[in-house]
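No gaps in the numbering here: position 264 of the sequence shown is 264 in full-length UniProt numbering, and each next residue is one more.
Presented below is the structure to which this report refers.
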Amino acid sequence: MTLFKRTLKYIATILIINILSTNTHGQNPICPPGMYIADPEAHVWEDGKIYIYGSRDESDAYWCSHKHHVLFSDDLKTWQVVEDAFASKGTNDQVSYCDHLLFAPDCAYKDGTYYLYYCSPDRKMYTEGVATSKYPTGPFTNGKHIKGAQEIDPAVLVDDDGQAYYLWGQGYPKMAKLKPNMMCIDQTTICKPLNQAGNEAFHEGSSIRKIGDWYYLVFADDSRNNRPTCLGYAISKKPMGPYEYKGVIIDNAGSDPSIWNNHGSIEAFNGQWYVFYHRSTHNSQKYRKTCLEPIQINKDGTINEVEMTSQGALSYLPAQSLIQAERACLLYGSVFIDHLINNDYPNEILTHINHNDYAAYKYLHFEKGINRFRIKTFNATGGAVELRIDSEDGKLVGTCQINPQPNNTAYQISECKVSNIKGKHALFLVFKGGSGHMFDVDYFEFLKQPL
C-alpha cells in the first residue's frame with residue numbers, strides 16, 4: 001500500500017471515529033446513559049485537554065469487552081466519547097494474535113507517538129500488549145504482545161529524563177523499566193516496588209504519577225469492606241521504590257448493592273488535582289461508570305481522603321436544575337441505578353426501591369425562595385419520598401406522595417411543598433411505603449412558585 005493510500009485510509013478512520021463522538025456533562029458519572037467506561041486512567045497531553053482511557057463494560061456475564069473508548073474534555077464539564085479507539089476483535093481489530101477481551105488500559109506519550117498499553121485475561125501467553133497512534137484518541141493500531149508481563153492492569157510513567165517505567169500485576173505489583181522503543185520491558189529490572197503494608201492492601205489496578213519530587217503509586221485497595229472498593233496510594237522518592245503505603249484516597253462502597261472493586265488514577269487539570277474512579281450500577285459488579293472528585297496534595301506528599309459526590313468537578317448542582325436520578329452518589333438498601341430501555345428516551349433510573357431505602361445527592365445549592373419539589377416516577381404501586389438534608393435522618397423539609405398507577409407502568413409527575421431551605425446541602429431521598437417494590441425514579445427538581 002502506498003503512503004498516499006495509507007494516509008487516506010487513516011483520515012477516513014479518523015472521520016468515522018469523530019462522527020461517533022457524543023457529548024456528556026460534568027456531574028458524576030461523566031459517562032453518558034447506557035455507556036459504561038471503567039478503570040479510568042486520566043492524562044493531560046500537550047494540547048491541554050484531558051483524556052481518559054478505560055475498559056468498557058457491556059454485560060453482567062463477563063468483565064469488560066473487546067473495545068476501548070476514549071473520553072476527553074477541555075473543561076471537565078463537557079465530555080466527548082470517541083468510540084472504538086482500539087479493538088481486539090471484530091471491526092477495526094488490531095490484535096492479530098488473539099481475540100481476547102480487553103481489560104484495563106493505560107496510555108503514554110513519547111517523541112510524537114501515543115502508546116496504548118492493553119491487557120487481557122489470558123495469563124498463559126498473551127496477557128499484555130501495546131498499540132500506537134499519532135493521536136491521543138487513536139485509532140491505535142498494530143497491537144504487539146509484551147513479553148514478561150503475564151498479569152493484568154498495565155500502568156506507565158515516562159519520567160522527566162525520558163526513561164519509562166511499567167507496572168502490572170495482581171496480589172502485589174510488579175515493576176520494570178521499559179526499553180527505549182516503549183514496546184518491551186527490560187526483564188532484568190523487574191522488582192516489587194511496594195513495602196509490606198502496601199502489599200497487604202494492594203489488590204490490582206496500578207497507576208503511577210510523579211508530583212514534584214514524589215512518585216505516587218495508586219491502586220485498588222482491599223483494606224476495607226473485604227473487597228477492593230478503595231483507591232489506596234503509596235509514595236516514594238525513587239521511581240522504582242520502595243513505596244510507602246499512606247492510606248485511602250476514596251472508597252466507592254455504597255454506590256451499588258453489589259459493588260465489588262475500584263480502579264482509577266490521579267491527574268492534574270488547570271492546577272487542580274483530581275481522583276478518577278468508577279462506580280458500579282445495575283446491582284452488579286460490572287456496568288461501571290467513571291467519576292471524578294477534586295483532591296488536595298499536602299506539603300508532606302499525603303492526600304486527604306475524599307467522599308463520593310454527585311457534583312464531580314462542579315462546585316455544586318443547582319437545586320432548580322433537572323437532576324437525573326443516576327447522579328446519586330450513595331445508595332442504601334435494595335435500590336440501584338439501572339438503564340431505562342427506551343429508544344426514544346435513553347436514560348438511567350433508580351429502581352427496586354423498597355421501604356426505608358434512600359439515595360443521597362451531594363451537593364445541591366438551594367436559592368432563597370425555593371418552595372416546591374417535583375419528581376418523575378415510573379411503575380408506581382404507591383409510597384412516599386421524604387426530603388431530608390445533610391443525612392438520612394436529617395431535617396425533614398418535605399414529603400412527596402407517589403400515587404399508585406392503574407397498570408404500574410405509566411410515568412407520573414408528583415409535587416409537594418418544601419419548607420424554607422437555603423444554601424449548600426446534601427439531599428437524601430428517603431423512600432417510605434409498604435412491602436416490596438414501590439416505584440422507580442427518573443429525575444427531580446426544586447421550584448420557586450408563587451404562594
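Ideal Cβ positions, reconstructed from N, Cα and C, are used throughout, including at glycine.
Hey, how far is the Cα of residue i from the Cα of residue j?
i, j, result
"residue 336", "residue 375", "17 Å"
"residue 233", "residue 245", "6 Å"
"residue 261", "residue 56", "15 Å"
"residue 85", "residue 94", "10 Å"
"residue 106", "residue 338", "28 Å"
"residue 288", "residue 382", "30 Å"
"residue 47", "residue 362", "32 Å"
"residue 452", "residue 432", "The requested residue 452 is not part of the displayed model; the chain covers only 1 to 451."
"residue 138", "residue 387", "46 Å"
"residue 455", "residue 192", "The structure shown does not extend to residue 455, since the chain is modelled only from 1 to 451, so the question has no answer here."
"residue 411", "residue 351", "13 Å"
"residue 72", "residue 31", "11 Å"
"residue 126", "residue 210", "29 Å"
"residue 21", "residue 439", "Because the pLDDT at residue 21 is just 48, under 50, the model does not fix this residue reliably, and the value given afterwards should be weighed accordingly. Between residue 21 and residue 439, the C-alpha separation is close to 34 Å."
"residue 58", "residue 340", "15 Å"
"residue 437", "residue 27", "28 Å"
"residue 304", "residue 200", "20 Å"
"residue 117", "residue 324", "35 Å"
"residue 123", "residue 51", "28 Å"
"residue 238", "residue 214", "8 Å"
"residue 129", "residue 179", "14 Å"
Pop quiz: residue i and residue j are said to be a contact at Cβ under 8 Å. What is the actual Cβ separation, rounded to whole angstroms?
i, j, result
"residue 38", "residue 290", "7 Å"
"residue 301", "residue 235", "5 Å"
"residue 231", "residue 165", "Incorrect: roughly 20 Å between the Cβ atoms, too far for contact."
"residue 242", "residue 202", "Not quite, the Cβ-Cβ distance comes to about 13 Å (not below 8 Å), so this is no contact."
"residue 108", "residue 158", "5 Å"
"residue 151", "residue 163", "At roughly 22 Å, the Cβ-Cβ gap does not stay under 8 Å, so residue 151 and residue 163 are not in contact."
Along the chain, where does the beta strand (DSSP E) containing residue i start, and where does it finish?
i, result
"residue 415", "412-417"
"residue 140", "No beta strand (DSSP E) holds residue 140; DSSP gives it neither H nor E."
"residue 277", "272-279"
"residue 73", "67-73"
"residue 168", "164-168"
"residue 335", "Unbroken run through residue 335: none, as it is neither H nor E."
"residue 447", "440-447"
"residue 365", "358-366"
"residue 383", "383-389"
"residue 133", "128-133"
"residue 232", "230-236"
"residue 347", "347-351"
"residue 76", "No beta strand (DSSP E) contains residue 76, which DSSP labels as neither H nor E."
"residue 401", "395-402"
"residue 43", "36-44"
For residue i versus residue j, is the C-beta spacing smaller than 8 Å?
i, j, result
"residue 314", "residue 443", "no"
"residue 110", "residue 183", "no"
"residue 293", "residue 316", "no"
"residue 284", "residue 258", "yes"
"residue 453", "residue 423", "Here the chain covers residues 1 to 451 and nothing more, so residue 453 does not appear."
"residue 429", "residue 397", "no"
"residue 54", "residue 104", "yes"
"residue 360", "residue 319", "no"
"residue 185", "residue 146", "yes"
"residue 441", "residue 349", "yes"
"residue 358", "residue 333", "yes"
May I ask which residues mark the beginning and end of the alpha helix (DSSP H) holding residue i?
i, result
"residue 199", "196-201"
Count the other CB atoms, across all protein chains shown, that sit within 10 Å of the CB of residue i; report buried if there are 16 or more and exposed otherwise.
i, result
"residue 97", "exposed"
"residue 266", "buried"
"residue 82", "buried"
"residue 62", "exposed"
"residue 221", "buried"
"residue 308", "buried"
"residue 456", "Residue 456 cannot be examined here, being either before or after the span of the chain that is shown, 1 to 451."
"residue 41", "buried"
"residue 44", "exposed"
"residue 435", "exposed"
"residue 75", "exposed"
"residue 252", "buried"
"residue 188", "exposed"
"residue 270", "exposed"
"residue 377", "buried"
"residue 133", "buried"
"residue 67", "buried"
"residue 90", "exposed"
"residue 142", "exposed"
"residue 229", "buried"
"residue 298", "exposed"
With a threshold of 7 Å (Cβ to nearest heavy atom), would residue i be considered close to the ligand MG?
i, result
"residue 39", "The model on display carries no ligand, and the ligand MG is accordingly not part of it."
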